[in-house]
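I have placed the structure first, in the form of structure tokens, so that the comments after it can refer back to it.
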Ligand SMILES: Cc1ncc(COP(=O)(O)O)c(C=O)c1O
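Numbering (my numbering), first residue to last: 8 to 394.
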């Protein structure tokens, strides 16, 4: 039998991280002690009360049946309670859907609303799923919105042609640039979407990883956002639960209903015990202030951030201390793959910016999801390359 993937799968772009991943594997096979600053996966464990809750909920035999496609009512209530406390936004149960990680929801919302040939605005550089999972796999056309350093890594809506555009993605705090935004920008985004009948998908996966008093906003805090927008959140980074696959999408009722309809034919909801644990984790918020364990987590990230950014600046790189996320977006003024390869040979894995889009070229992304001693050792190795 000749096995041929569908044309839409053939249209996926080449995987630009493949070469660097091959080199990483090769180094590891040679026994090289590689320090990975390339993975967006927290090294810090979930808080103890989350693990304790997980053990208890797994042991409860009632928690092993199918769950509802839209998510368990208690989980959705916990999400809306969290929104009220954290963002002062009111949501009813029909405005919440549970996800098996936000990646799945981001891809499936395309299935629900995007037709073949529709244009989808995606930031460049960006998390690759917007262009690939959501757009190309639904036979739509990704249209890049450049995120340029001189614009604070925000798109310039005045230069975007809205003709034929069905959907737009925005993501702040941003992966990979670590840029953050204020409500003035969000106001512009909602107006642009409303004026042009565009579905606004706001990815807020990093809203709880923030420093120096910065509190990332929700798009739903903006008047009129509920008419045009949904927001994606995840327990992955907030509670270090990347492998547990639990997230949620909230906002406009019709958009949530469309996404739920697709999901009812694709999956059967996250495990009940995971939803119960995530509900407890969300309930740890008493107000819009972060609970202590998150303050501690962000304190640890911030210390690492400072070591990494200060070293990079001493070497002569241009990069800022990010106010959120665990990424540093380093302007390397050159070929990102070449720099990544050079650093790999010195024992440090970083991510070449070109893998996030054309406008990611000239940058590398470094992640501070390693203990501080490893970050310091990585800094020594990076510095030795530029002596
Ligand atoms: C911007 C962004 N959105 C969404 C995700 C997906 O997270 P998850 O599927 O674990 O919720 C990631 C993961 O790295 C991300 O960086």
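From the three backbone atoms N, C-alpha and C, an ideal C-beta is built for every residue, glycine too. Note that the coordinates shown come from a computational prediction; the quantities given were computed from them, not determined experimentally.
Residue i: first and last residue of the uninterrupted beta strand (DSSP E) it sits in
{"i": "residue 173", "result": "172-178"}
{"i": "residue 153", "result": "148-153"}
{"i": "residue 238", "result": "236-241"}
{"i": "residue 387", "result": "Where residue 387 is concerned, there is no enclosing beta strand (DSSP E), although the alpha helix (DSSP H) it sits in stretches over 379-392."}
{"i": "residue 106", "result": "103-106"}
{"i": "residue 339", "result": "No beta strand (DSSP E) holds residue 339; DSSP gives it neither H nor E."}
{"i": "residue 401", "result": "What is shown of the chain runs 8 to 394, which leaves residue 401 out entirely."}
{"i": "residue 256", "result": "254-258"}
{"i": "residue 210", "result": "206-210"}
Beta-carbon proximity list for residue i, same chain, < 7 Å, skipping 5 on both sides
{"i": "residue 123", "result": "146 and 147"}
{"i": "residue 234", "result": "201 and 259"}
{"i": "residue 219", "result": "330"}
{"i": "residue 46", "result": "374 and 376"}
{"i": "residue 382", "result": "311, 314, 315 and 375"}
{"i": "residue 325", "result": "338"}
{"i": "residue 184", "result": "132, 154, 160 and 336"}
{"i": "residue 167", "result": "128 and 152"}
{"i": "residue 301", "result": "215"}
Run of the alpha helix (DSSP H) containing residue i, from where it starts to where it stops
{"i": "residue 345", "result": "343-352"}
{"i": "residue 111", "result": "109-120"}
{"i": "residue 372", "result": "Per DSSP, residue 372 belongs to no alpha helix (DSSP H); it is in the beta strand (DSSP E), 370-374."}
{"i": "residue 126", "result": "Looking at the DSSP string, residue 126 is not in any alpha helix (DSSP H); the run it does join, the beta strand (DSSP E), is 126-131."}
{"i": "residue 90", "result": "80-94"}
{"i": "residue 196", "result": "190-202"}
{"i": "residue 314", "result": "299-322"}
{"i": "residue 397", "result": "Any question about residue 397 goes unanswered here, given that the chain covers just 8 to 394."}
{"i": "residue 27", "result": "25-36"}
{"i": "residue 16", "result": "14-17"}
Cβ distance (whole Å) where residue i is taken to contact residue j below 8 Å
{"i": "residue 221", "j": "residue 330", "result": "4 Å"}
{"i": "residue 61", "j": "residue 292", "result": "Not confirmed; about 19 Å, so no contact."}
{"i": "residue 314", "j": "residue 103", "result": "The pair is not a contact, with the Cβ atoms about 39 Å apart (cut-off 8 Å)."}
{"i": "residue 178", "j": "residue 133", "result": "7 Å"}
{"i": "residue 171", "j": "residue 125", "result": "7 Å"}
{"i": "residue 212", "j": "residue 244", "result": "6 Å"}
{"i": "residue 214", "j": "residue 73", "result": "Actually they are not in contact, since the Cβ atoms of residue 214 and residue 73 sit about 30 Å apart, beyond 8 Å."}
{"i": "residue 54", "j": "residue 199", "result": "So it is not a contact: roughly 38 Å between Cβ atoms."}
{"i": "residue 105", "j": "residue 78", "result": "3 Å"}
{"i": "residue 31", "j": "residue 356", "result": "5 Å"}
{"i": "residue 217", "j": "residue 305", "result": "7 Å"}
Close Cβ partners of residue i (< 6 Å) along its chain, the five nearest in sequence each way excluded
{"i": "residue 386", "result": "318"}
{"i": "residue 226", "result": "193, 209, 232, 236 and 238"}
{"i": "residue 287", "result": "60"}
{"i": "residue 64", "result": "70, 280, 283 and 284"}
{"i": "residue 262", "result": "237"}
{"i": "residue 173", "result": "121 and 125"}
{"i": "residue 82", "result": "105, 282 and 286"}
Proximal residues to residue i (C-beta, below 8 Å), its chain only, five neighbours per side dropped
{"i": "residue 349", "result": "392"}
{"i": "residue 15", "result": "143, 144, 145 and 146"}
{"i": "residue 400", "result": "Outside the displayed span of the chain (8 to 394) sits residue 400, for which this structure offers no information."}
{"i": "residue 295", "result": "92, 93, 94, 95 and 222"}
Review point. Touch check for the region 108-117 and the region 77-91: three-plus C-beta pairs under 8 Å?
Key: Between the region 108-117 and the region 77-91 there are fewer than three C-beta pairs closer than 8 Å, too few to call the two in contact.
Check your understanding: Which parts of the region 261-289 are runs of the alpha helix (DSSP H), unbroken and 4 residues or longer, counting only runs that do not cross its ends?
Key -> Correct list: 279-289.
Check your understanding: Between the region 15-34 and the region 357-371, do three or more beta carbon pairs fall short of 8 Å?
Key -> Output reads yes: the region 357-371 touches the region 15-34.
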